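Residues 19 to 409 (our numbering) are what the sequence shown spells out, left to right.
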Amino acid sequence: MLKLFKSSRCQSCYTERAIRVCPRKRKNICWQCCNETRCDTRCPENCDYAPKKEETKPFPSFKADSRAEAENAIKRHIDLWTGRENPFLKNKTPAKEASENPQEMFAWLSGFQYPVYFPMDYLLKKLDLPFTPAEKKEDPENCVEKWMKTLIQLKWNELRQYSINQSSMEDLAERYTELIQAIPQLGKVSTYSILYSGLGEDGISALVYMELNHKIDWTLVLSNITGSWKIRQNIAGSPQAYFKQNQVYTAIAEALGKADDAKVWELINSSLKIYPDSPDLYYYRALYWQLVKQREQAAVDFFNAIALDNSWTEPYLHLSAHYFVKEDYEQAKIWLEELKILQPDDPNVLNNLAAAYAGNGETEKAKELWQEIVQKYPAFEYARKNLEKLQ
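Okay, structure coming up:
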């Protein structure tokens, strides 16, 4: 992974974050200046980021900490490559060969395999060869770029489409926007630079680490569960903070178990500064409110947790239980119907939903649902007893 120099500036451009030592320049430099230097393939072999040439391939490989860096490096190299005499082309330049023999040049280029980040459209355009624009392959950085461009324009209502939260409930969409807009650092972003991106071992999670406004460490956590990359979480810090958060949640859970409300409050407040849109922290804060007998506040934070992760079932259960206690069966029904979408085969969820129907005076719906539960889950006694009471 990249070498961190805290917030030190590149000693070449003095603008971007220095992330590695350049043995050629003998300076701490950013990846942009690294690419500007190494694109000519003249870096010493002892440099970890020196391009690697292969005799059978027309282009070197560039080690990179992100797709953005890799793509930028090869584009810079292409700019030089098109005008250099090439032994593969009988020492003609690629630009000259493409001009004189476009079909042969295209066929020659088509005979090689390229990495996923290779900008083929860019190469063909530089050579003035015809091409059909390729569909951009989706990756975590594409999603982050869309999110950041939308954020910089302060189009708060459009950010949710890039998140994991796709519930059609308008209240959840509005609350998500409110919570994201309340993160102080995000309202002041004017520039960003991706420093590192990487996939998790599971293949469906990713981290993208950035610097905002040339000074703020920021990490976005992404998930790919439905076939497309979506943003799951903002972290006010480097990826190291991501790997520490489970320790934070464990400490909060232990304090809750001991009913140490002061410790719980302290841990949650300090953690929200680093994990400002963590549904777990809002969930734990809801449990804190229950601990100190502030049930309405608890309901608000269960709702917040749902807004930040529409597919997490625990807050739905707690929020519906809150409305059962208040005998507000209409609200209980709303949240249990949403939960049923997530857990359509859970007899406990179905039983609670039937109870909400009954409490709300919708006895036929309750009866039908309890009958369905008894038929599908004959060993589930609660549904059978509730049906007997109703009849």
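Backbone N, C-alpha and C define an ideal beta-carbon position, used for all residues, glycine too.
These figures come from a predicted structure and were not determined experimentally.
Query	Result
Segment contact, 8 Å Cβ cut-off, at least three pairs: the region 373-380 with the region 389-398	no
C-beta contact flag for L368 and A401 at 9 Å	yes
From A116, V39, Q251, L225, residue whose alpha carbon lies closest to that of I201	Q251
Local Cβ density within 10 Å of E115, reported as buried at 16 or more and exposed below that	buried
P120 vs W99 beta-carbon contact at 9 Å	no
Identity of the residues DSSP links to T237 by a beta bridge	Y227, I253
CA-to-CA distance, L225 to I292, given in whole angstroms	15 Å
C-alpha distance - R35 paired with N104, whole-angstrom precision	35 Å
Same chain, Cβ closer than 7 Å to A397, five either side skipped, listed in chain order	none
M228 classed as buried or exposed, judged by whether at least 16 other C-beta atoms fall within 10 angstroms	buried
Close Cβ partners of C57 (< 7 Å) along its chain, the five nearest in sequence each way excluded	A91, R94, H95, L98
Where S215 falls: helix, strand or coil (DSSP)	strand
One or two residues paired with Y181 in a DSSP bridge	The amino acid at residue 181 is misidentified as Tyr; the sequence shows Ser. Looking at the DSSP assignment, S181 forms a beta bridge with I249.
Cβ-Cβ separation, S215 to P133 (assumed contact under 8 Å), whole Å	The pair is not a contact, with the Cβ atoms about 15 Å apart (cut-off 8 Å).
Same chain only: Cβ atoms within 6 Å of Q50, ignoring 5 sequence neighbours per side	E34
Beta strand (DSSP E) runs contained entirely in the region 288-320, provided each spans 3 or more residues	none
Extent of the continuous alpha helix (DSSP H) run through V162	158-170
Proximity below 9 Å, CB of P62 to CB of P41	yes
Stretch-stretch touch, CB-based, cutoff 8 Å, three pairs: the region 270-288 with the region 302-319	yes
Local Cβ density within 10 Å of R38, reported as buried at 16 or more and exposed below that	buried
Straight-line gap, Y135 to E156 (C-alpha atoms, nearest Å)	11 Å
Three-way DSSP call (helix, strand, coil) for Q35 in this model	Correcting the residue identity first, residue 35 is Arg in this sequence and not Gln. R35 falls in the strand class under three-state DSSP.
Own chain residues within Cβ distance below 7 Å of S30, not counting five before or after	K43, K45, I47, C51
Buried or exposed by the 16-neighbour rule on C-beta atoms within 10 Å, applied to T150	exposed
Whole runs of the alpha helix (DSSP H) within the region 58-136, excluding any shorter than 4 residues	85-99, 112-118, 120-127
Through-space distance from P362 to S329, alpha-carbon basis	13 Å
Test item: CB-CB of A277 and L197 under 9 Å	no
I47 in three-state terms, based on DSSP	strand
Terminal residues of the alpha helix (DSSP H) in which F342 lies	332-343
Classification of N404 by the beta-carbon crowding that lies within 10 angstroms, buried from 16 upward	buried
C52 (DSSP reduced to helix, strand or coil)	helix
Extent of the continuous alpha helix (DSSP H) run through P362	Careful: P362 lies outside any alpha helix (DSSP H) and carries neither H nor E.
K248 burial status per 10 Å Cβ neighbour count (16 or more: buried)	buried
According to DSSP, residues forming a beta bridge with C410	Any question about residue 410 goes unanswered here, given that the chain covers just 19 to 409.
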